[in-house]
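Novice:
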Amino acid sequence: MTAPTVAFTDERLANGLRLIVSEDHLAPVVAVNIWYNVGSRHEVPGKTGFAHLFEHVMFQGSRHVAKTEHMALVQAAGGTMNGTTSLDRTTYFETMPSHQLELALWLEADRMATLLDALNQDNLDNQRDVVKNEKRSSYDNRPYGDWFHKLQEHLFPPEHPYHHPTIGSMADLDAASLEDVAAFFRTYYTPNNAVLSIVGDVDPAQARGWVKHYFGAIPANPAISPLADMSLPSGMGAESREVVQDRVPLPRHFFGFRAPRLGDPRFDALEVAAQILAGGKGSRLYRRLVRDEKIAQDVAFFLVGLVGGASIAAGQATVRPGVDLALVEHAYEEELERLGREPVTDDELARAHSLMETYELEALQRVDERADRLSTYAALLDDPDLINRQLGRYLAVGKAEIQAAAAEALRPENRVVLTYMPAAEAGTDTTSGTTDEETAA
Amino acid sequence: MTLEEILAERPSQGQPRAYRFPAFQRTVLASGLQVLAVHVPGRPLVSANLVFRRGAGDEPRDVAGATVLAARAMTEGTERYPGVELIEAAERLGATLHAEATWDAFMAAVEVAASRLEAALELLAELVERPTFPEPDVARLRDERLNDLMQVKADPRRRVEQAFAAAIYASDSPYSRPAGGDEESVARLSPAVLRTIHGSILEPHLAALIVGGDLAGLSVPELAEHVLGSLGAATRSAATTPPPSAASALTRPIVRLYHRPGSVQTELRIGHVGLARRVPDFHAVGVMAAILGGLFNSRLQMNLREEKGYTYGVGAGFDMRRAAGPFAVRTAVQTASTVPAILETLSELRRIRETAVTETELAAARDFLVGVFPLRFETPGAVVGALGGLFVHELPDDELARYRDAIEAVTIADVQAAARDHIDLDRMAIVAVGDADAVGGELESAGLGELEVIVEETPVGAPDESDEGSE
Numbered sequence: 015m016t017a018p019t020v021a022f023t024d025e026r027l028a029n030g031l032r033l034i035v036s037e038d039h040l041a042p043v044v045a046v047n048i049w050y051n052v053g054s055r056h057e058v059p060g061k062t063g064f065a066h067l068f069e070h071v072m073f074q075g076s077r078h079v080a081k082t083e084h085m086a087l088v089q090a091a092g093g094t095m096n097g098t099t100s101l102d103r104t105t106y107f108e109t110m111p112s113h114q115l116e117l118a119l120w121l122e123a124d125r126m127a128t129l130l131d132a133l134n135q136d137n138l139d140n141q142r143d144v145v146k147n148e149k150r151s152s153y154d155n156r157p158y159g160d161w162f163h164k165l166q167e168h169l170f171p172p173e174h175p176y177h178h179p180t181i182g183s184m185a186d187l188d189a190a191s192l193e194d195v196a197a198f199f200r201t202y203y204t205p206n207n208a209v210l211s212i213v214g215d216v217d218p219a220q221a222r223g224w225v226k227h228y229f230g231a232i233p234a235n236p237a238i239s240p241l242a243d244m245s246l247p248s249g250m251g252a253e254s255r256e257v258v259q260d261r262v263p264l265p266r267h268f269f270g271f272r273a274p275r276l277g278d279p280r281f282d283a284l285e286v287a288a289q290i291l292a293g294g295k296g297s298r299l300y301r302r303l304v305r306d307e308k309i310a311q312d313v314a315f316f317l318v319g320l321v322g323g324a325s326i327a328a329g330q331a332t333v334r335p336g337v338d339l340a341l342v343e344h345a346y347e348e349e350l351e352r353l354g355r356e357p358v359t360d361d362e363l364a365r366a367h368s369l370m371e372t373y374e375l376e377a378l379q380r381v382d383e384r385a386d387r388l389s390t391y392a393a394l395l396d397d398p399d400l401i402n403r404q405l406g407r408y409l410a411v412g413k414a415e416i417q418a419a420a421a422e423a424l425r426p427e428n429r430v431v432l433t434y435m436p437a438a439e440a441g442t443d444t445t446s447g448t449t450d451e452e453t454a455a
Numbered sequence: 055m056t057l058e059e060i061l062a063e064r065p066s067q068g069q070p071r072a073y074r075f076p077a078f079q080r081t082v083l084a085s086g087l088q089v090l091a092v093h094v095p096g097r098p099l100v101s102a103n104l105v106f107r108r109g110a111g112d113e114p115r116d117v118a119g120a121t122v123l124a125a126r127a128m129t130e131g132t133e134r135y136p137g138v139e140l141i142e143a144a145e146r147l148g149a150t151l152h153a154e155a156t157w158d159a160f161m162a163a164v165e166v167a168a169s170r171l172e173a174a175l176e177l178l179a180e181l182v183e184r185p186t187f188p189e190p191d192v193a194r195l196r197d198e199r200l201n202d203l204m205q206v207k208a209d210p211r212r213r214v215e216q217a218f219a220a221a222i223y224a225s226d227s228p229y230s231r232p233a234g235g236d237e238e239s240v241a242r243l244s245p246a247v248l249r250t251i252h253g254s255i256l257e258p259h260l261a262a263l264i265v266g267g268d269l270a271g272l273s274v275p276e277l278a279e280h281v282l283g284s285l286g287a288a289t290r291s292a293a294t295t296p297p298p299s300a301a302s303a304l305t306r307p308i309v310r311l312y313h314r315p316g317s318v319q320t321e322l323r324i325g326h327v328g329l330a331r332r333v334p335d336f337h338a339v340g341v342m343a344a345i346l347g348g349l350f351n352s353r354l355q356m357n358l359r360e361e362k363g364y365t366y367g368v369g370a371g372f373d374m375r376r377a378a379g380p381f382a383v384r385t386a387v388q389t390a391s392t393v394p395a396i397l398e399t400l401s402e403l404r405r406i407r408e409t410a411v412t413e414t415e416l417a418a419a420r421d422f423l424v425g426v427f428p429l430r431f432e433t434p435g436a437v438v439g440a441l442g443g444l445f446v447h448e449l450p451d452d453e454l455a456r457y458r459d460a461i462e463a464v465t466i467a468d469v470q471a472a473a474r475d476h477i478d479l480d481r482m483a484i485v486a487v488g489d490a491d492a493v494g495g496e497l498e499s500a501g502l503g504e505l506e507v508i509v510e511e512t513p514v515g516a517p518d519e520s521d522e523g524s525e
């Protein structure tokens, strides 16, 4: 089985907007995905949470679209939409019945060109309240809720932009002013800082014509200042540990490692390693900790791909009642270290490859996923064609590559261990989250 | 044209492409097993789902959770493939093999390249027909479930769901407890219990194999006969069991507050026993629920989120099962806004009953449901899933094909009738998990119904504590 090739065109408008169009008529559906190269890594101390708060403001109207009318128009057209913000970028997307493509393009163009016309204090205050409630429900009011944020604090030094969470702090959210929002918009929400991908049941010439019509006259911002150097030593240098008291019945270890950046072949090797370690019931960690030794309630290991300095390899194991915490931690760590010491078996590698082939095929069935991947690879790696080569890269990963990548990344001196312990007294929650991404809805 | 002139003109929509829900072919094997095949050209990844019309709602009360656990335990080994060998064999095919049970159904599914469908179906049949339910693995999964029940108590979002079901359903309805069972019933689950439940489910007259994807060159009925022809041949007795009891526990409004000291939000569920899937005004209910709490700009969302900023999100809807599932408004609100948020919610529930929705609201909901329908079925997996629902609920073959026309036909009067008939302010349960010290007094004086405050200890499964609720 081979994945169908995704054919696409890739061009830049005169104002710098990067446009990618991919035609596919299997379903009467089209995906529009626009990436702005701005994420929480662009935030400065005192203004954390800003990129994400701004993403909410993008649904509060523009010159020709009233507050929340964006959603109303998309849904009345039979479409779905949302926006998400992560450490590296902010993305907005609509999936529409294909005859409604022009509407989605117009909506995106109107807010790129004229958002500030509709911005007012009431809307900002309202969305600030909504975002604060998002923070409460996604992190503060959840057991183990702040683990990812704590991991960021340990993995990245205080001056590094990955050190702070995308959701921001309550104090910084409170401090965000209309002037801040306007300046942020003028700086980053410009065509030369965006990638627009259109995938699905389209006439490419017509789609390209609409994009030129609606976006072509939006002025660029030639003065986007480049980010400060985010590079980091490849390893932490020493293990970092924290014990967290939380209102949880079962202790849970979270693990984190600095990993190579997205696009690095070693990152692909770790993706295959993650499948062998924790991809389902046939995986090493599940077999040993959950099934055979019965010391963990659940296990996980996965990668968060980033481009600034380092990615994150993360994992967890929930300790079964009555089981020694150290026993679970050591068994988990031993399995990770074993990957670096000895090669995986031929059968493990073959199973991982077969499954990853199916997962790729499954993901690329959908036009929204294809559009997101094209934008991702174009914006972060300047290589949209990776959509057609990524599977081949996974399949090219051999035993030696896995062993080398694991030996380098998954070693004790590059490790964070967070241990959540049942708090003796119920008290104020700690904060934090389950993912690296915030959404508007 | 200037940029302003360009953007000032809203685009008009193009010509919609014709859409029909993919047609399927039905074959009934000699055993009674139905085979539904749906050819979706250009989709080399095939979804196959073997569905039994018997679920957690049909099991005896004393072994509640047995159906869900049996589904989970099937992947722990079979006669030909002990232990994880079955999973490994599937992985070698690049097949994702999966089994689960819901209130209404028991199912095993696989996704695989069309070229390896036969081998994958053989594994699917092995999984369903010959699981061994080894004692150590059943015991482990049972303990994992008990541990999970303990974790639920510490998670406000999961705790409130459980508490809401217990509040609205009479105790003789299975829906009053979790589909996975509670501490008492799960503790009873043994390999023998799982074997009995599993045996009672394997009835070909209650089963359908549904296969979707690019099936060019494949004869799904022949494959099915070859691989699953002898499924459950020994039994062949039962007819469809009647739906379970969904009796309400409520005769008047009640308020239950689960005290969680220091909570920064209150998790809220407001509602009552709702509707079964085979309700005659299904489409009107769908439009009504979209206006109330389904659309992004639903009435509840515009009020509680976009005007008041009380919450990140609020939704409302009917979970339709073989018997009447719950109707619920679901949200989490900042602690200080708990009572105002409840009052606004009740006022929206009253308003949708008492005043007609506008033409604009009707059009927004109708156009969304009609327009989004093809998007929902972009992949074979989604089509197969929907056909599974058709089979489980014994709906007519054209139910999905006529969905869009039926939604188009819903009127303002239909919406109001649906709200009046199916939303009942006089037996509303308001269930909250939050800080009783902060909101209890205000909730009491709001006079929304008899207030009961429940204080629970957060269970602890730490190593130095006793193994409460497990082992």
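Going down the list, the sequences are from chains C and U. Going by the numbering used here, 108 is the number at position 94 of the first sequence; the sequence numbering is gapless. Going by the numbering used here, 115 is the number at position 61 of the second sequence; the sequence numbering is gapless. C-beta: ideal position from N, C-alpha, C; glycine also.
1. Which chain C residues sit within Cβ distance under 9 Å of D421 (chain U)?
2. Give a yes or no on whether 8 Å exceeds the smallest Cβ distance from P179 (chain C) to chain U.
3. What number of angstroms, rounded off, separates the C-alpha of G354 (chain C) from the C-alpha of H367 (chain C)?
4. Using a Cβ cut-off of 8 Å (strictly closer), state whether T109 (chain C) contacts chain U.
5. Between the alpha carbons of A419 (chain U) and W157 (chain U), how many angstroms are there, rounded?
6. Pull the bridge partners of P380 (chain U) from the DSSP assignment, please.
7. Please state the DSSP three-state secondary structure of T132 (chain U).
8. For the region 433-473 of chain U, which segments carrying the alpha helix (DSSP H) assignment without a break, of at least 4 residues, lie completely within its bounds, in sequence order?
9. With distances taken Cα to Cα, identify the nearest neighbour of A91 (chain U) among U:Q79, U:R97, U:D373.
10. For I60 (chain U) and L67 (chain C), what's the separation of their Cα atoms in angstroms?
11. What is the residue span of the alpha helix (DSSP H) that W224 (chain C) lies within?
12. Is V318 (chain U) close to chain C, meaning its C-beta is less than 8 Å from at least one C-beta of that chain?
13. Cα separation between L369 (chain C) and A149 (chain U)?
14. Using 8 Å as the cut-off, can you tell me whether the region 258-273 of chain C makes contact with the region 59-75 of chain C, which would need three or more C-beta pairs spanning the two stretches below that distance?
15. H39 (chain C): buried (16+ other C-beta within 10 angstroms of its C-beta) or exposed?
16. Let me check understanding here. Comparing Cα to Cα, which of U:V164, U:F431, U:Y229, U:A155 lies closest to A377 (chain U)?
17. Check the C-beta distance from T19 (chain C) over to N402 (chain C) and give it rounded, since I have them as a contact under 8 Å.
18. Ordered along the chain, which non-local residues of its own chain (more than five positions away) have a Cβ less than 7 Å from that of A127 (chain C)?
19. Can you list the beta strand (DSSP E) stretches of 3 or more residues lying completely in the region 289-370 of chain U, in chain order?
20. Using only the alpha-carbon positions, how far apart do L375 (chain C) and M110 (chain C) sit?
21. Please report the Cβ distance between A102 (chain U) and L263 (chain U), rounded to the nearest whole angstrom; I am assuming they are in contact, meaning their Cβ atoms lie under 8 Å.
22. Would DSSP call Y106 (chain C) helix, strand or coil?
23. Secondary structure at Q67 (chain U), three-state DSSP: helix, strand or coil?
24. With distances taken between CB atoms, is the gap from P224 (chain U) to S302 (chain U) smaller than 8 Å?
25. Using a threshold of 8 Å, state whether the C-beta atoms of F106 (chain U) and A159 (chain U) are closer than that.
26. For a test of the three-state rule: what should DSSP assign to L277 (chain U), helix, strand or coil?
27. Of all Cβ atoms in chain U, is any one closer than 8 Å to the Cβ of I232 (chain C)?
28. For the alpha helix (DSSP H) that contains M370 (chain C), what are its first and last residues?
29. Please name the residue in C:G223, C:D136, C:R32, C:E193 whose C-alpha comes closest to that of E116 (chain C).
30. Given a cut-off of 8 Å on the beta-carbon distance, is the pair S325 (chain C) and F268 (chain C) in contact?
31. For H78 (chain C), is the classification buried or exposed, using 16 other Cβ atoms within 10 angstroms of its Cβ as the cut-off for buried?
32. Can you give me the start and stop residues for the alpha helix (DSSP H) that E422 (chain C) sits inside?
33. Report all residues from its chain with a CB closer than 6 Å to the CB of A118 (chain C); omit the five preceding and five following residues, and keep chain order.
34. Do the CB positions of Q205 (chain U) and V318 (chain U) come within less than 8 Å of each other?
35. Mind checking H168 (chain C): buried by the 16 CB within 10 Å criterion, or exposed?
36. Does the beta carbon of G425 (chain U) come closer than 8 Å to any beta carbon on chain C?
Specialist: This is what the structure gives:
1. Those are Q89, A90, A91, G92, listed as they occur along chain C.
2. Interface residue (Cβ-Cβ distance to chain U less than 8 Å): P179 (chain C) is not classified as such.
3. Cα to Cα, the separation comes out at about 19 Å.
4. A Cβ of chain U is located within less than 8 Å of the beta carbon of T109 (chain C).
5. A direct Cα-to-Cα measurement between A419 (chain U) and W157 (chain U) gives close to 28 Å.
6. P380 (chain U) is bridged to U:V327.
7. Taken through DSSP and simplified to helix, strand or coil, T132 (chain U) comes out as strand.
8. Inside the region 433-473 of chain U, DSSP marks whole alpha helix (DSSP H) runs of 4 or more residues at positions 434-446, 457-462, from first to last along the chain.
9. Taking only the C-alpha atoms, the option nearest A91 (chain U) is U:Q79.
10. When rounded, the distance between both Cα atoms is 29 Å.
11. Start and end: 218-229.
12. Residue-level contact check: V318 (chain U) touches chain C, since one or more beta carbons of chain C fall below 8 Å from its beta carbon.
13. If you take the alpha carbons of L369 (chain C) and A149 (chain U), they lie about 7 Å apart.
14. The region 258-273 of chain C makes no contact with the region 59-75 of chain C: fewer than 3 CB pairs, one atom from each, lie closer than 8 Å.
15. Flag for H39 (chain C) reads exposed.
16. Checking every option, the nearest Cα to that of A377 (chain U) belongs to U:Y229.
17. T19 (chain C) to N402 (chain C), Cβ: 5 Å. Contact.
18. Counting only Cβ-Cβ distances below 7 Å, and skipping sequence neighbours, we find I232.
19. DSSP runs (the beta strand (DSSP E)) wholly in the region 289-370 of chain U: 308-313, 319-327.
20. Their backbone Cα atoms lie some 22 Å apart in a straight line.
21. Rounded to the nearest angstrom, the Cβ distance from A102 (chain U) to L263 (chain U) is 7 Å, consistent with a contact under 8 Å.
22. Looking at Y106 (chain C) - three-state DSSP - the assignment turns out to be strand.
23. Here Q67 (chain U) sits in coil by DSSP.
24. Sequence check: residue 224 (chain U) is Ala here, not Pro. Yes, the pair counts as a contact, with Cβ atoms nearer than the cut-off.
25. In this structure, A159 (chain U) lies closer than 8 Å to F106 (chain U) by Cβ.
26. When DSSP states are grouped into helix, strand and coil, L277 (chain U) belongs to the helix group.
27. Chain U, which has a Cβ nearer than 8 Å to the Cβ of I232 (chain C), makes this yes.
28. Per DSSP, M370 (chain C) belongs to the alpha helix (DSSP H) from 360-377.
29. The residue with the shortest Cα to Cα distance from E116 (chain C) is C:G223.
30. Cβ distance not < 8 Å, so S325 (chain C) and F268 (chain C) don't count as in contact.
31. Under a 10 Å Cβ-count criterion, H78 (chain C) is classified as buried, with 16 or more other Cβ atoms of the shown protein chains found around its own Cβ.
32. Following the DSSP letters along the chain, one finds E422 (chain C) inside the alpha helix (DSSP H) bounded by residues 413-423.
33. Listed in chain order, the non-local C-beta contacts of A118 (chain C) below 6 Å within the same chain comprise V46, E108, M110, local neighbours out to five positions each way being set aside.
34. Contact flag unset, no.
35. In the assembly as shown, H168 (chain C) is a buried residue. Its beta-carbon has 16 or more other beta-carbons within 10 Å.
36. Output row for G425 (chain U): interface = yes.
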